[in-house]
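Visitor:
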Amino acid sequence: MFGSFPNRASAYAQVGVETGVSTADPHKLILMLFDGALLSIGTASAAMENQEIPAKGQAISKAIEIILNGLKASLDLNAGGELAARLSALYDYMSERLVYANLHNSRPALDEVHGLLESLREAWAGIAPGTPAATAAA
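First residue of the sequence shown: 122, per the numbering used here; consecutive thereafter.
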């Protein structure tokens, strides 16, 4: 009558994500992209461990999509100068490593990208509006 629990839980989670996106400031949206990519890589890692090839491929594809069409696409190469150009190249590198991880079932490649994303996320969170680092930079 009301559908299975996993379907309802998934629907509620989707509403939560949509609500978060619609109310988030641009800085928070980038954090959400980092979180989504990290979650996808974690999912891919678990799928790789369990030899669930389709799930691994889907999760890696989702991470690549977030990195290239979310994080990289949000860069302003004109205003960001050298930093934006380096981040763009790093996002390309990450996507290449994820393709490699998918093709070769390479856990080290997944771990490498996960570590890079975690470092970038931590740095981005550290410059959130209202934090001491952001206030000092302004």
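Every residue gets a Cβ at the ideal spot worked out from N, C-alpha and C, and that includes glycine. These numbers were taken from a predicted model, which means no experiment stands behind them.
So for Ala-206, helix, strand or coil by DSSP?
Guide: In the sequence shown, counting from the first residue as 1, residue 206 sits at position 85. Residue state, collapsed to three classes: helix.
Visitor: Note the first and the last residue of the continuous alpha helix (DSSP H) segment covering Lys-183.
Guide: Looking up residue 183 in the sequence shown gives position 62. 174-187 is the span of the alpha helix (DSSP H), which, as asked, contains Lys-183.
Visitor: Measuring only the C-alpha atoms, how far is Ser-195 from Ser-209?
Guide: If you number the sequence shown from 1, residue 195 lands on position 74. If you number the sequence shown from 1, residue 209 lands on position 88. Computed Cα separation, rounded: 10 Å.
Visitor: Using CA atoms only, rank isn't needed, just tell me which of Ala-180, Leu-238, Gly-251 and Ala-246 is closest to Ala-167.
Guide: Within the sequence shown, the letter at position 46 stands for residue 167. Ranking Ala-180, Leu-238, Gly-251 and Ala-246 by Cα distance to Ala-167 puts Ala-180 first.
Visitor: Output the boundary residues of the alpha helix (DSSP H) element that contains Ser-166.
Guide: Counted from its first residue, the sequence shown places residue 166 at position 45. Unbroken alpha helix (DSSP H) run through Ser-166: 147-170.
Visitor: Could you give the distance in angstroms between the alpha-carbon of Gly-251 and the alpha-carbon of Leu-237?
Guide: In the sequence shown, counting from the first residue as 1, residue 251 sits at position 130. In the sequence shown, counting from the first residue as 1, residue 237 sits at position 116. Cα-Cα distance, rounded: 25 Å.
Visitor: Just to check my reading of the structure: Ile-151 and Ala-184 have Cβ atoms closer than 8 Å, yes? What is that Cβ distance to the nearest angstrom?
Guide: One-based indexing of the sequence shown puts residue 151 at position 30. One-based indexing of the sequence shown puts residue 184 at position 63. Actually they do not touch by this definition, with Cβ atoms about 15 Å apart.
Visitor: So which of Asn-226, Lys-193 and His-225 has the shortest CA-CA distance to Ala-158?
Guide: Here residue 158 refers to the residue found at position 37 when the sequence shown is read from its first residue. Ranking the options by Cα distance to Ala-158, first place goes to Lys-193.
Visitor: Which of the three DSSP states, helix, strand or coil, is assigned to Ala-194?
Guide: Here residue 194 corresponds to residue number 73 of the sequence shown, with the count starting at 1. The answer is coil: DSSP assigns Ala-194 none of H, G, I, E or B.
Visitor: Grab the span of the alpha helix (DSSP H) containing Ser-227 for me, first residue to last.
Guide: Translated into the one-based positions of the sequence shown, residue 227 becomes position 106. Looking at the DSSP string, Ser-227 is not in any alpha helix (DSSP H), and its letter there is neither H nor E.
Visitor: Let me confirm a value: Arg-218 is counted as buried when at least 16 other C-beta atoms fall within 10 Å, else exposed. Which label applies?
Guide: Translated into the one-based positions of the sequence shown, residue 218 becomes position 97. The residue in question, Arg-218, is buried, as its Cβ has 16 or more Cβ neighbours within 10 Å.
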